[in-house]
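**Q** First residue of the sequence shown: 7, per my numbering; consecutive thereafter. Cβ atoms here follow ideal geometry from the backbone N, Cα and C, with glycine treated the same way. Just passing along the structure, written as structure tokens.
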Amino acid sequence: MKKIIILIIVFFLSACNSNIETYNIDNTKLKNINNPETSKIKENIVNTQTWKLEKNNIELNNKISNTKEKYALKWLIISWTIHLKNDEYFSALKNFLDAYKKQKWDPKIEKRIADTYFLMKKWNKAFEYYDEIDDPKIIYKDKYIKSYFYSFDLNKLKHNKSYLSWAINKINNIKILNKEEKFYYSNSLVCIKDFSLCKKNYQDYLEQEKIINFQWLKDIQKALEDYKNFKIDELYFKNTLIVWAFFKNDLYTPVIILGEKILKEKPNYKPILKMIAQSYFELWDYQNAKKYLTKYYALDSNDKDVLYLLAIISQKTHDFVLSNIYLSKAEKLWYQPVSNINRLQIYNAYILDDSGKILSNFDKLINNQEKPLFNDLVLATYYNLINWNISQWEKYAQLWMTLYPKREDFYWFEWWILIEKNSLEQAKIILEKWNRINHNNALINLNLWRLEEKKWNNITAKLYYKRAIKLDNWWEISKISAKKLEQLEKNNTSSWTTNTWVIN
7 MKKIIILIIV FFLSACNSNI ETYNIDNTKL KNINNPETSK IKENIVNTQT WKLEKNNIEL
67 NNKISNTKEK YALKWLIISW TIHLKNDEYF SALKNFLDAY KKQKWDPKIE KRIADTYFLM
127 KKWNKAFEYY DEIDDPKIIY KDKYIKSYFY SFDLNKLKHN KSYLSWAINK INNIKILNKE
187 EKFYYSNSLV CIKDFSLCKK NYQDYLEQEK IINFQWLKDI QKALEDYKNF KIDELYFKNT
247 LIVWAFFKND LYTPVIILGE KILKEKPNYK PILKMIAQSY FELWDYQNAK KYLTKYYALD
307 SNDKDVLYLL AIISQKTHDF VLSNIYLSKA EKLWYQPVSN INRLQIYNAY ILDDSGKILS
367 NFDKLINNQE KPLFNDLVLA TYYNLINWNI SQWEKYAQLW MTLYPKREDF YWFEWWILIE
427 KNSLEQAKII LEKWNRINHN NALINLNLWR LEEKKWNNIT AKLYYKRAIK LDNWWEISKI
487 SAKKLEQLEK NNTSSWTTNT WVIN
């Protein structure tokens with residue numbers, strides 16, 4: 007039972023764990039991408055053009071920030087009553103599929119099935135069900151087209167012309183896409199076959215159409231304007247502007263293929279290495295993501311964002327020691343927010359079964375926050391409690407009560423301490439109070455079991471334990487149920503004490 011709550015970390019960390027940052031194009035880096043022999047005249051030309059990219063840089067930082075927030079939430083959301091895990095996706099999916107058998111072609115059910123597959127990163131199945139939906143009011147167009155692009159076989163797109171032609175024709179037959187969208191997406195695949203032709207197609211279309219409504223096409227329009235205005239000979243640099251326009255809108259398939267073509271001309275071009283790495287990561291291809299990040303790391307071993315990403319990929323590929331090495335180095339380079347590093351270090355320490363590191367990293371996590379997040383504080387409090395680090399537990403408990411006085415979750419820890427100290431009557435008073443308020447709380451029933459077991463009321467203890475299992479939404483109580491119930495059965499012969507509390 008000592009690991010019930012810390013195991014919740016596993017559920018959230020195993021699904022997440024990526025905070026990926028891409029590249030920044032600023033004056034210094036623009037100079038660095040040119041050869042040392044580049045003349046000062048050329049540098050001046052570059053400098054006069056970089057203002058055009060400043061907005062791109064701001065947008066890039068916003069994208070990075072959003073990515074951080076998205077993945078950080080997966081580490082932080084810890085609920086007492088429910089958690090989201092692939093097992094739950096499978097359970098939900100089964101129910102949706104069963105309903106679909108009874109109501110074939112129901113678009114609302116098809117959307118639920120498609121959305122669930124999308125969350126599970128099952129791109130092929132997601133697109134299959136999105137493609138069945140005819141009602142444009144129901145379908146979420148962005149997920150629909152992304153599931154289509156993410157489901158491509160990249161190797162076939164690169165080398166099989168008939169497969170590429172089929173992919174382009176399919177886009178032109180998607181009913182819910184308007185004229186601009188069909189052109190944008192289909193021509194993005196033309197880029198894979200012929201980059202020059204696709205740029206010409208975009209340019210011709212944009213010259214013909216005076217009013218453009220689709221934002222992603224507007225991004226291409228701006229990239230082409232920058233492309234035209236840059237008075238630099240290097241084609242790889244100009245083509246990167248187009249790749250960036252795809253990348254900022256999560257169109258990872260052309261980013262990977264076009265980026266790899268740019269690397270043939272400029273093998274060590276760091277912005278492209280980063281974009282390809284993130285694209286592979288978002289598609290859940292960690293091996294290829296690691297391949298390109300490792301190349302980047304060989305060029306710049308002090309890029310804290312790359313270090314952080316390598317730490318996450320190492321964690322996902324179960325190399326937790328290497329993950330810690332990357333995290334420590336990123337921490338020394340002042341990676342921000344450092345709390346994200348601390349959470350990953352806690353997870354690694356948990357997997358490596360290092361209680362000392364878990365406690366020290368929790369201490370860093372709490373101290374690094376001006377106002378510790380509730381979910382961080384609850385886990386820090388709990389883990390210090392089960393390791394009998396009482397002085398630290400009391401410190402966190404006091405902080406908890408100061409910052410979050412209305413959160414009733416704290417009382418569970420109070421019950422635990424009272425029961426462990428054999429202050430059973432005091433624990434009983436508090437538990438009876440909270441049981442009257444909410445007798446359907448698994449934690450209350452779990453502590454009632456512990457209380458009754460301490461008093462050798464094993465029959466009542468067994469009833470509370472069974473109820474706790476029934477109410478358990480983590481599945482953690484259930485994992486130890488068979489062994490514990492067997493023990494309670496054996497203890498029943500030694501105590502027949504009845505209890506006056508009523509279990510509803």
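1. If we ignore side chains and look at the alpha-carbon of each, how far apart do ILE282 and TYR470 end up?
2. For TRP111, does the count of other Cβ atoms within 10 angstroms reach 16, so buried, or fall short, so exposed?
3. Ends of the alpha helix (DSSP H) at TRP290?
4. Please work out which residues of its chain come closer than 6 Å, Cβ to Cβ, to PRO113, disregarding the five sequence neighbours upstream and downstream, and give them in chain order.
5. Taking a contact to mean a Cβ-Cβ separation below 8 Å, would you say PHE124 touches LEU257 in this structure?
6. In its own chain, which residues sit with a C-beta less than 8 Å from the C-beta of ASN428, not counting the 5 before and 5 after it?
7. Would LYS434 and LEU452 qualify as a contact pair, given that the criterion is a beta-carbon distance under 8 Å?
8. Taking the alpha-carbon positions, what's the LEU385 to LYS412 distance?
9. Using DSSP with H/G/I as helix, E/B as strand and the rest coil, what is TYR275?
10. Roughly how many angstroms separate the alpha carbons of LEU223 and TYR233, rounded to a whole number?
11. Secondary structure at LYS188, three-state DSSP: helix, strand or coil?
12. Would you say LEU383 and TRP406 are within 8 Å of each other, going by their C-beta atoms?
13. Is the beta carbon of LEU269 closer than 8 Å to that of ALA317?
14. Where does the unbroken alpha helix (DSSP H) through GLN375 begin, and where does it stop?
15. State the start and end residues of the unbroken alpha helix (DSSP H) segment that holds GLU458.
16. Take LEU289 and list the residues in its own chain whose beta-carbon comes closer than 7 Å to its own, dropping the five residues that flank it on each side.
17. Measuring CB to CB, does ASN354 end up less than 8 Å from PHE380?
18. Reducing DSSP to helix, strand and coil, say where TYR471 ends up.
19. Relative to the C-alpha of ASN255, which residue among TYR211, PRO277 and ASP148 is closest?
20. Taking the alpha-carbon positions, what's the LEU195 to THR300 distance?
21. Return the Cβ separation of TYR302 and SER320 in integer angstroms, given the expectation that the two are a contact with Cβ distance under 8 Å.
22. CB-CB under 6 Å to ASN348, same chain, minus the five flanking residues each way: which ones, in chain order?
23. Expressed to the nearest angstrom, what Euclidean distance is found between the alpha-carbon atoms of ASP225 and ASN184?
24. Given this structure, state the Cα-to-Cα distance separating LEU99 from ALA105, to the nearest angstrom.
25. Hey, how far is the Cα of ASP311 from the Cα of ARG473?
26. If we ignore side chains and look at the alpha-carbon of each, how far apart do ASN308 and LYS272 end up?
27. Using the rule of at least 16 other Cβ atoms within 10 Å of the residue's Cβ for burial, across every protein chain shown, is ALA229 buried or exposed?
28. Of the choices ASN235, ILE443 and PHE220, whose alpha-carbon is the least far from that of TYR191?
29. Helix, strand or coil: which one does DSSP assign to ASN395?
30. When you compare only the Cα positions, how much space is there between LYS167 and ASP306?
31. Pick out whichever of HIS324, TYR314 and LYS322 has its Cα sitting closest to the Cα of SER334.
32. Tell me where the alpha helix (DSSP H) around ASN320 begins and ends.
33. Report, in whole angstroms, the separation of the C-beta atoms of LEU103 and PHE201, which I expect to be a contact under 8 Å.
34. Note the first and the last residue of the continuous alpha helix (DSSP H) segment covering ASN255.
35. Just curious, the alpha helix (DSSP H) that GLU431 is in, first and last residue?
36. With DSSP collapsed to three states, give me the class of PRO142.
**A** Taking the structure as given:
1. In the sequence shown, counting from the first residue as 1, residue 282 sits at position 276. In the sequence shown, counting from the first residue as 1, residue 470 sits at position 464. When rounded, the distance between both Cα atoms is 54 Å.
2. Walking along the sequence shown from the start, residue 111 turns up at place 105. Around the beta-carbon of TRP111, fewer than 16 other beta-carbon atoms lie within 10 Å, marking it exposed.
3. In the sequence shown, counting from the first residue as 1, residue 290 sits at position 284. Counting along the chain, TRP290 falls outside any alpha helix (DSSP H), and DSSP gives it neither H nor E.
4. Residue 113 sits at position 107 when you count from the first residue of the sequence shown. In the same chain as PRO113, and ignoring 5 residues on each side of it, the C-beta atoms closer than 6 Å to its own belong to ILE139, ASP141 and ILE144, in chain order.
5. Counting from one through the sequence shown, the residue named residue 124 turns up at place 118. Counting from one through the sequence shown, the residue named residue 257 turns up at place 251. Remark: C-beta atoms of PHE124 and LEU257 do not approach each other more closely than 8 Å.
6. Working through the sequence shown from its first residue, we reach residue 428 at position 422. Leaving aside the five residues that flank ASN428 on each side, the residues in its chain whose CB is nearer than 8 Å to its CB run, in chain order, LYS460.
7. Here the question's residue 434 lines up with position 428 in the sequence shown. Here the question's residue 452 lines up with position 446 in the sequence shown. If you check the CB distance, LYS434 and LEU452 do not come in under 8 Å.
8. As a first step, residue 385 is located in the sequence shown; it is residue number 379 there, counting from the start. As a first step, residue 412 is located in the sequence shown; it is residue number 406 there, counting from the start. Distance between the alpha carbons of LEU385 and LYS412: 17 Å.
9. Start at 1 with the first residue of the sequence shown, and residue 275 comes out as number 269. Three-state DSSP puts TYR275 in coil, outside helix and strand.
10. Residue numbering aside, residue 223 sits at position 217 when the sequence shown is read from its first letter. Residue numbering aside, residue 233 sits at position 227 when the sequence shown is read from its first letter. Rounded to whole angstroms, LEU223 to TYR233 spans 15 Å at the Cα level.
11. In the sequence shown, residue 188 corresponds to position 182, counting from 1. It is helical.
12. Sequence index remark: in the sequence shown, residue 383 carries index 377 (1-based). Sequence index remark: in the sequence shown, residue 406 carries index 400 (1-based). Going by C-beta atoms, LEU383 is nearer than 8 Å to TRP406.
13. Mapped onto the sequence shown, residue 317 falls at position 311. Mapped onto the sequence shown, residue 269 falls at position 263. In this structure, ALA317 keeps its C-beta atom at 8 Å or more from the C-beta atom of LEU269.
14. Here the question's residue 375 lines up with position 369 in the sequence shown. DSSP places GLN375 in no alpha helix (DSSP H); its state is neither H nor E.
15. By 1-based counting over the sequence shown, the position of residue 458 is 452. From DSSP, the alpha helix (DSSP H) with GLU458 extends over 448–460.
16. Sequence index remark: in the sequence shown, residue 289 carries index 283 (1-based). Once the five neighbours on either side are set aside, the close Cβ partners of LEU289 are TYR156 and TYR258.
17. The residue labelled residue 354 in the question sits at position 348 within the sequence shown. The residue labelled residue 380 in the question sits at position 374 within the sequence shown. Result no, Cβ atoms of ASN354 and PHE380 do not sit closer than 8 Å.
18. Within the sequence shown, the letter at position 465 stands for residue 471. Reduced to three states, the DSSP call for TYR471 is helix.
19. Taking the sequence shown and counting its residues from 1, one reaches residue 255 at position 249. Of the candidates TYR211, PRO277 and ASP148, the residue whose Cα lies closest to the Cα of ASN255 is ASP148.
20. Looking up residue 195 in the sequence shown gives position 189. Looking up residue 300 in the sequence shown gives position 294. Rounded to whole angstroms, LEU195 to THR300 spans 28 Å at the Cα level.
21. To locate residue 302, count along the sequence shown from 1; it is residue 296. To locate residue 320, count along the sequence shown from 1; it is residue 314. That pair is no contact at about 15 Å.
22. In the sequence shown, counting from the first residue as 1, residue 348 sits at position 342. Once the five neighbours on either side are set aside, the close Cβ partners of ASN348 are ASN367, LYS370 and LEU371.
23. Walking along the sequence shown from the start, residue 225 turns up at place 219. Walking along the sequence shown from the start, residue 184 turns up at place 178. Each residue's alpha carbon lies about 17 Å from the other.
24. Taking the sequence shown and counting its residues from 1, one reaches residue 99 at position 93. Taking the sequence shown and counting its residues from 1, one reaches residue 105 at position 99. Going from the Cα of LEU99 to the Cα of ALA105 covers about 10 Å.
25. If you number the sequence shown from 1, residue 311 lands on position 305. If you number the sequence shown from 1, residue 473 lands on position 467. Going by the C-alpha atoms only, they are around 47 Å apart.
26. Counting from one through the sequence shown, the residue named residue 308 turns up at place 302. Counting from one through the sequence shown, the residue named residue 272 turns up at place 266. Taking the straight line from one Cα to the other gives about 21 Å.
27. What you label residue 229 is simply residue 223 of the sequence shown in a count that begins at 1. Counting Cβ neighbours within 10 Å, ALA229 comes out buried, since at least 16 surround it.
28. Here residue 191 refers to the residue found at position 185 of the sequence shown. Nearest C-alpha to TYR191: PHE220.
29. Here residue 395 refers to the residue found at position 389 when the sequence shown is read from its first residue. The DSSP-derived three-state label of ASN395 is coil.
30. Here residue 167 is taken as the residue at index 161 of the sequence shown, counted from 1. Here residue 306 is taken as the residue at index 300 of the sequence shown, counted from 1. Rounded to whole angstroms, LYS167 to ASP306 spans 37 Å at the Cα level.
31. Here residue 334 is taken as the residue at index 328 of the sequence shown, counted from 1. If we check each option's Cα against that of SER334, TYR314 comes out closest.
32. The residue given as residue 320 occupies position 314 in the sequence shown. As written in the sequence, residue 320 is Ser, which differs from the Asn given in the question. For SER320, the enclosing alpha helix (DSSP H) begins and ends at 310–322.
33. If you number the sequence shown from 1, residue 103 lands on position 97. If you number the sequence shown from 1, residue 201 lands on position 195. With 8 Å as the limit, LEU103 and PHE201 do not qualify as a contact, their Cβ atoms being about 42 Å apart.
34. Here residue 255 is taken as the residue at index 249 of the sequence shown, counted from 1. Where ASN255 is concerned, there is no enclosing alpha helix (DSSP H), given that its DSSP letter is neither H nor E.
35. On the sequence shown, position 425 is the one that residue 431 refers to. Taken as a continuous stretch (DSSP letters only), the alpha helix (DSSP H) holding GLU431 covers 430–443.
36. Within the sequence shown, numbered from 1, the residue matching residue 142 stands at position 136. Coil at PRO142, not helix or strand.
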